[in-house]
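Asker: Sequential numbering from 251 applies to the sequence shown in the numbering used here.
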Amino acid sequence: MACGTPVVAFPGGAVEEIVVDGVTGFICRTRTLDEMVEAVRRVDQLDRAACRRHVEQHFSSVAMADAYEAIYRQVLLEQAAPLPIGVDGRLPLTMLGEDRVVPHLGDRAGHVVAGGFTTPAALER
Numbered sequence: 251m252a253c254g255t256p257v258v259a260f261p262g263g264a265v266e267e268i269v270v271d272g273v274t275g276f277i278c279r280t281r282t283l284d285e286m287v288e289a290v291r292r293v294d295q296l297d298r299a300a301c302r303r304h305v306e307q308h309f310s311s312v313a314m315a316d317a318y319e320a321i322y323r324q325v326l327l328e329q330a331a332p333l334p335i336g337v338d339g340r341l342p343l344t345m346l347g348e349d350r351v352v353p354h355l356g357d358r359a360g361h362v363v364a365g366g367f368t369t370p371a372a373l374e375r
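1. Do residue 275 and residue 258 have their C-beta atoms closer together than 7 Å?
2. According to DSSP, residue 271 sits in a beta bridge with which residue or residues?
3. Mind pulling the alpha helix (DSSP H) runs of 4 or more residues that sit fully within the region 279-340?
4. At a cut of 8 Å, does the region 286-301 reach the region 312-320 through at least three beta carbon pairs?
5. By DSSP's criteria, residue 259 is part of a beta bridge. Which residues make up the other side?
6. Taking the beta carbon of residue 261 as the centre, do at least 16 other beta carbons fall within 10 Å, making it buried, or is it exposed?
7. Taking 7 Å as the cut-off, decide whether the C-beta atoms of residue 252 and residue 305 are in contact.
8. Who are the Cβ neighbours of residue 280 in its own chain at under 7 Å, not counting the five residues just before and after it?
9. Excluding the 5 residues flanking residue 296 on each side, which residues of the same chain have their C-beta closer than 6 Å to its C-beta?
10. Hey, residue 267 and residue 277 are a contact pair by Cβ (cut 8 Å); roughly how many whole angstroms apart?
11. Who are the Cβ neighbours of residue 322 in its own chain at under 6 Å, not counting the five residues just before and after it?
Here it is, written out as structure tokens:
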């Protein structure tokens with residue numbers, strides 16, 4: 251798909267996460283040879299540029315890194331122990347030197363340091 255080539259495949263593994271049926275390829279759900287042959291016959295109906303765009307938008311190194319980072323951030327936020335509340339009822343979330351406030355965390359917001367959570371007092375040590 252990265253080269254603009256549509257995919258014809260049986261469901262399984264990550265096929266259904268990667269292939270958009272009827273857009274970037276065909277997923278042969280009945281798992282028959284006849285269905286696959288018919289899909290190959292129709293592959294010329296698909297837009298090769300759409301295949302390429304889909305890969306660039308969802309599977310480029312930047313897109314994948316962003317997705318993994320979002321997952322890691324979510325896990326860290328969900329696992330954070332409650333921290334002291336600031337004057338305004340929340341603490342800033344500091345990441346790589348940038349101050350950001352995460353309002354939905356309330357008293358769970360804290361400072362992120364080297365992938366872990368800590369309190370502002372620990373940062374001063």
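Cβ atoms here follow ideal geometry from the backbone N, Cα and C, with glycine treated the same way.
Answerer: Inspection of the coordinates gives the following:
1. Taking the sequence shown and counting its residues from 1, the one referred to as residue 275 is at position 25. Taking the sequence shown and counting its residues from 1, the one referred to as residue 258 is at position 8. Cβ atoms of residue 275 and residue 258: closer than 7 Å.
2. The sequence position of residue 271 within the sequence shown is 21, counting from 1. DSSP output for residue 271 lists 275 as bridge partner(s).
3. 283-292, 298-309, 311-329
4. no
5. Here residue 259 refers to the residue found at position 9 when the sequence shown is read from its first residue. Under DSSP, residue 259 forms a beta bridge with 277.
6. Position 11 of the sequence shown, counting from 1, holds the residue named residue 261. Counting Cβ neighbours within 10 Å, residue 261 comes out exposed, since fewer than 16 surround it.
7. By one-based count along the sequence shown, residue 252 stands at place 2. By one-based count along the sequence shown, residue 305 stands at place 55. Closer than 7 Å, so yes.
8. Taking the sequence shown and counting its residues from 1, the one referred to as residue 280 is at position 30. Within the same chain, residue 280 has no close Cβ partners at all.
9. In the sequence shown, residue 296 corresponds to position 46, counting from 1. The residues 256, in chain order, have a CB closer than 6 Å to that of residue 296 in the same chain once the five nearest residues on each side in sequence are set aside.
10. Residue numbering aside, residue 267 sits at position 17 when the sequence shown is read from its first letter. Residue numbering aside, residue 277 sits at position 27 when the sequence shown is read from its first letter. The Cβ separation is near 11 Å, so there is no contact.
11. Looking up residue 322 in the sequence shown gives position 72. Excluding positions up to five away in sequence, the list is empty.
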